[in-house]
């Protein structure tokens with residue numbers, strides 16, 4: 001942020017360089033996500049994954065049981081990351097071309113690269129890390145308020161209870 005304040009964005013040449021840097025970083029991000037999706041498809045891990053999807057906030061309904069494969073789960077997570085990147089590009093387009101903000105171009109060109117580096121499918125398929133600990137599927141997401149990580153429940157008790165509920169509904 002401090003560095004972005006010192007950049008003379010009113011100079012057209014500097015602004016063009018910042019635009020180019022932003023465009024290159026977005027192309028790199030989209031390319032990495034495309035490569036990760038290809039790596040997921042190439043690996044084709046058909047290991048079954050069961051978890052209980054958390055219920056919506058302020059809802060009385062319990063979470064839904066989800067049965068999928070590692071391949072399908074990783075592809076859906078990569079798809080979420082890709083949608084997030086597209087939304088960021090759209091928001092930045094509106095902020096820059098409609099509202100004429102220039103500092104966010106510089107900041108987002110760096111932040112998107114950090115986001116890609118921290119993405120769990122990228123850690124597994126691009127950097128070759130083992131899917132254990134924090135990278136264990138289903139992925140937990142960090143809490144917005146700094147608390148414990150939240151996400152789908154994958155413990156045996158939660159899965160067994162969800163299977164009982166599904167069994168009762170079918171009868």
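In my numbering, the protein residues as written are 1 to 171.
Ideal Cβ placement from N, Cα and C applies to all residues, glycine included.
| Check | Outcome |
| --- | --- |
| With a CB to CB cut of under 8 angstroms and the five nearest residues on each side skipped, what residues in its chain are close to residue 69? | 45, 46, 47, 48 and 49 |
| Would you please state the rounded distance, in angstroms, between the beta carbons of residue 85 and residue 67? I believe it to be under 8 angstroms. | Not quite, the Cβ-Cβ distance comes to about 28 angstroms (not below 8 angstroms), so this is no contact. |
| Please report the distance separating the alpha-carbon of residue 83 from that of residue 77. | 10 angstroms |
| Taking the alpha carbon of residue 10 as the point to measure from, which residue in 117, 102 and 133 has its own alpha carbon closest? | 102 |
| Rounded to the nearest angstrom, what separates residue 16 and residue 136 at their Cα positions? | 42 angstroms |
| Using DSSP bridges, identify the partner residues of residue 48. | 69 |
| Residue 109: buried (16+ other C-beta within 10 angstroms of its C-beta) or exposed? | buried |
| For residue 152, count the other beta carbons within 10 Å of its own beta carbon; 16 or more makes it buried, fewer makes it exposed. Which is it? | buried |
| Mapping DSSP to helix, strand and coil, what is residue 61? | coil |
| Throw me the rounded Cβ distance for the residue 122 and residue 52 pair, which I believe falls under 8 angstroms. | About 26 angstroms separates the two Cβ atoms, so there is no contact after all. |
| What residues are listed by DSSP as bridge partners for residue 161? | Beta-bridge pairing links residue 161 to no other residue. |
| Does residue 94 pass the burial test, meaning 16 or more other C-beta atoms within 10 Å, or should it be called exposed? | exposed |
| DSSP three-state label for residue 53, please. | strand |
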